[in-house]
Amino acid sequence: GEDVEQSLFLSVREGDSSVINCTYTDSSSTYLYWYKQEPGAGLQLLTYIFSNMDMKQDQRLTVLLNKKDKHLSLRIADTQTGDSAIYFCAERPAGGGNKLTFGTGTQLKVEL
Amino acid sequence: NAGVTQTPKFRVLKTGQSMTLLCAQDMNHEYMYWYRQDPGMGLRLIHYSVGEGTTAKGEVPDGYNVSRLKKQNFLLGLESAAPSQTSVYFCASSYRASGLTEAFFGQGTRLTVV
Chain A
1 GEDVEQSLFL
11 SVREGDSSVI
21 NCTYTDSSST
31 YLYWYKQEPG
41 AGLQLLTYIF
51 SNMDMKQDQR
61 LTVLLNKKDK
71 HLSLRIADTQ
81 TGDSAIYFCA
91 ERPAGGGNKL
101 TFGTGTQLKV
111 EL
Chain B
1001 NAGVTQTPKF
1011 RVLKTGQSMT
1021 LLCAQDMNHE
1031 YMYWYRQDPG
1041 MGLRLIHYSV
1051 GEGTTAKGEV
1061 PDGYNVSRLK
1071 KQNFLLGLES
1081 AAPSQTSVYF
1091 CASSYRASGL
1101 TEAFFGQGTR
1111 LTVV
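Protein chains in written order, with my numbering: chain A, 1 to 112; chain B, 1001 to 1114.
Put into structure tokens, the structure is as follows:
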């Protein structure tokens, strides 16, 4: 079955880069996503990568995909206090319903 | 734009009580989902629907029922609440498409069963 794993916590200083890692198991996944959840709120799509890509850059965000190792990472450059949130990676396995399988979430804490 | 709206936002139930969580979306999405979020476990899919009148089981369906009588609404029912169902519940919806599809989430319902 599908299984998506992330480390639970990450603490960085403001201005440093943050790297959040994720491993997944379903090689049929077509899209991989990063969602952000701020305190008391729902999840919002942050960025995504198609499975035939190995990198995607979007302003301060860089997504790296190693399909061979089934490893996904999200790098946030110049991390700000407003980036403090829980970050979820999610995969969309092949099959009906466009269902997403989420990781456990990584709590990012940005310190001054 | 309302997007995905969940009601209620908070609820405390006694063990054995029943309740229904309502999810409404105004984006004309075909697909709708109910997830539960627990610490250290991420989001787990309870049930989902690929269209009006259809429902399907997700990863953790036991103890829950759902209905999709109207395209814009997806109801999650707990017939006899248990403390293990204490969680934050999220509804989401998305278009039916084979390409990139973004799931839009509601704000969540925090349910405590005592």
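Heads up, the beta-carbon is just placed ideally off N, CA and C, and yes, glycines get one too. Computed from a predicted structure; not experimentally measured.
Proximity test, Cβ basis, 8 Å: residue i and chain A
i: residue 1051 (chain B); result: no
i: residue 1087 (chain B); result: no
i: residue 1109 (chain B); result: no
i: residue 1131 (chain B); result: Residue numbering for chain B in the displayed model covers 1001 to 1114; residue 1131 (chain B) lies beyond these limits and cannot be assessed.
i: residue 1094 (chain B); result: yes
i: residue 1064 (chain B); result: no
i: residue 1032 (chain B); result: no
Contact with chain B by residue i, beta-carbon distance below 8 Å
i: residue 9 (chain A); result: no
i: residue 99 (chain A); result: yes
Cβ neighbour criterion (16 or more within 10 Å) applied to residue i
i: residue 1002 (chain B); result: exposed
i: residue 50 (chain A); result: exposed
8 Å Cβ cutoff met for residue i and residue j
i: residue 1046 (chain B); j: residue 1064 (chain B); result: yes
i: residue 14 (chain A); j: residue 81 (chain A); result: yes
i: residue 20 (chain A); j: residue 79 (chain A); result: no
i: residue 966 (chain B); j: residue 1080 (chain B); result: This structure cannot speak to residue 966 (chain B), because chain B is shown only from 1001 to 1114.
i: residue 32 (chain A); j: residue 91 (chain A); result: yes
i: residue 1033 (chain B); j: residue 1082 (chain B); result: no
Helix, strand or coil at residue i according to DSSP, with G and I counted as helix
i: residue 98 (chain A); result: helix
i: residue 1027 (chain B); result: coil
i: residue 104 (chain A); result: coil
i: residue 1058 (chain B); result: coil
i: residue 82 (chain A); result: helix
i: residue 1038 (chain B); result: strand
Closer than 7 Å: residue i CB and nearest the ligand ATP heavy atom
i: residue 38 (chain A); result: Here there are no bound small molecules, and the ligand ATP is not part of this structure.
According to DSSP, residues forming a beta bridge with residue i
i: residue 1085 (chain B); result: None; residue 1085 (chain B) has no bridge partner.
i: residue 1007 (chain B); result: B:1022
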